[in-house]
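J.:
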Amino acid sequence: MIEYLTLEMIDQTTDAVRSRIQAPPRVGLILGSGLGGLASAVEDAVSISVTELPNWPVSTVPGHVGRLVAGKLEGQTALVLQGRTHFYEGYSMAHITLPVRVMQRLGVEILIVTNAAGAVNPTFEPGELMLITDHLNLVGMAGHSPLRGPNLDELGPRFPDMSRAYDRELCALARQVAKEHRLVLREGVYACLAGPSFETPADLRFLRSIGVDAVGMSTVPEVTVARHGGIRVLGISGISNKANLDGDTITTHEEVLLAGEKITPQLITLIRGVLKRL
Ligand code: HPA
């Protein structure tokens, strides 16, 4: 098990990606469960299977194909990760965030993270998008931060600020694009739990009481590393299911993937619109 990454490991993976792509990416995108459709919108695409990359934490989850697609999206050079790896698969927090470090070393300035999430806010409906305005790092608070371990000073400071994790200008752009295209764009706080079990009704009532709007099992570690590395972040959740606050409905992975089909076209419109305005 790789507990901490060294700069040598990060650069070994970065070099392997760099040798395959045509231009250094300005924008990095990470696509959530069932939201991989955006990868096929990339033009002049070079696709790399992550199994070919040294040190890569290869995902084991259905719906997470595991490829990097480099190319152009709305005129921006982009590197898209389809199929992230999750903490519950058994990798360390530092290891699952290697993709963000690789993006940082390749010169990415803006990271757009997406995920499938359960609605804790009772007014949110499956199929809607939520702009992440802040997050609750419950797993990090419990000790599993991707920044735990020796700080790599070349990559960022020991104690990074997280007061504006989600870039205000990028949030404003997303709101503007949603308005122009008449997309429903909810806003709220995303909480990352370790999973892989979904929440009990008591878990969900607790999350609601501490101000959570949507819950998932990803994103927060990636955003923490991106901010450590000075990358600006835009985060969008696709609401895939209603939270089961009363215990009357059950949540399944199939439901999450199915909702992705409804969410993907809206997500593509939103992200294309933001990229166009960068
Ligand atoms: N809980 C946690 N993670 C999720 C959910 C959920 O309800 N839906 C999609 N990812």
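So for the sequence shown, this note's numbering puts the first residue at 2; every next one is plus one.
Ideal Cβ placement from N, Cα and C applies to all residues, glycine included.
Just so you know, these numbers come straight off a predicted model, no measurement behind them.
With a 10 Å radius around its C-beta and 16 neighbouring C-beta atoms as the bar for buried, classify phenylalanine 160 as buried or exposed.
T.: Looking at its Cβ environment, which holds fewer than 16 other Cβ atoms inside 10 Å, phenylalanine 160 is exposed.
J.: Any chance the CB of glycine 119 is under 6 Å from a heavy atom of ligand 1?
T.: Yes, since a heavy atom of ligand 1 falls inside the 6 Å radius drawn around the Cβ of glycine 119.
J.: Output the boundary residues of the beta strand (DSSP E) element that contains glutamate 188.
T.: Counting along the chain, the beta strand (DSSP E) containing glutamate 188 begins and ends at 186-193.
J.: Would you check if there are 3 or more beta carbon pairs closer than 8 Å linking the region 20-38 to the region 261-278?
T.: A contact exists between the region 20-38 and the region 261-278.
J.: State the Cα-Cα distance for the pair proline 222 and proline 202, rounded to the nearest angstrom.
T.: Each residue's Cα considered, the two are about 25 Å apart.
J.: Run the CB neighbour count on serine 146, radius 10 Å, all protein chains shown included, and call it buried at 16 or more, exposed below.
T.: It counts as buried.
J.: Report, in whole angstroms, the separation of the C-beta atoms of threonine 52 and glycine 67, which I expect to be a contact under 8 Å.
T.: So it is a contact: roughly 7 Å between Cβ atoms.
J.: Run through DSSP, which three-state label would glycine 29 get?
T.: Three-state DSSP puts glycine 29 in a strand.
J.: Given the structure, does asparagine 242 come close to ligand 1, in the sense that its CB is under 6 Å from one of the ligand's heavy atoms?
T.: Result yes, Cβ under 6 Å from ligand 1.
J.: Name the one or two DSSP bridge partners that glycine 119 has.
T.: Answer is Val216, Asn242, bridged to glycine 119.
J.: Check for me: the alpha helix (DSSP H) holding histidine 182 runs from which residue to which?
T.: Premise fails: histidine 182 is in no alpha helix (DSSP H) and is neither H nor E.
J.: Give the DSSP bridge partners of isoleucine 346, in chain order.
T.: This structure cannot speak to residue 346, because the chain is shown only from 2 to 279.
J.: Expressed to the nearest angstrom, what Euclidean distance is found between the alpha-carbon atoms of leucine 69 and leucine 36?
T.: So the two alpha carbons sit approximately 14 Å from each other.
J.: Just mark threonine 15 as buried or exposed, buried being the case when its beta carbon has 16 or more other beta carbons within 10 Å.
T.: Buried: at least 16 other Cβ atoms inside 10 Å.
J.: So what does serine 48 bridge to, in DSSP terms?
T.: According to DSSP, which records beta bridges pairwise, serine 48 is partnered with Val70.
J.: Leaving out the 5 sequence neighbours to the left and right, which residues in its chain are closer than 7 Å to glutamine 77 when beta-carbon positions are compared?
T.: Answer for glutamine 77: Arg27, Val28, Leu276, Leu279, listed in chain order.
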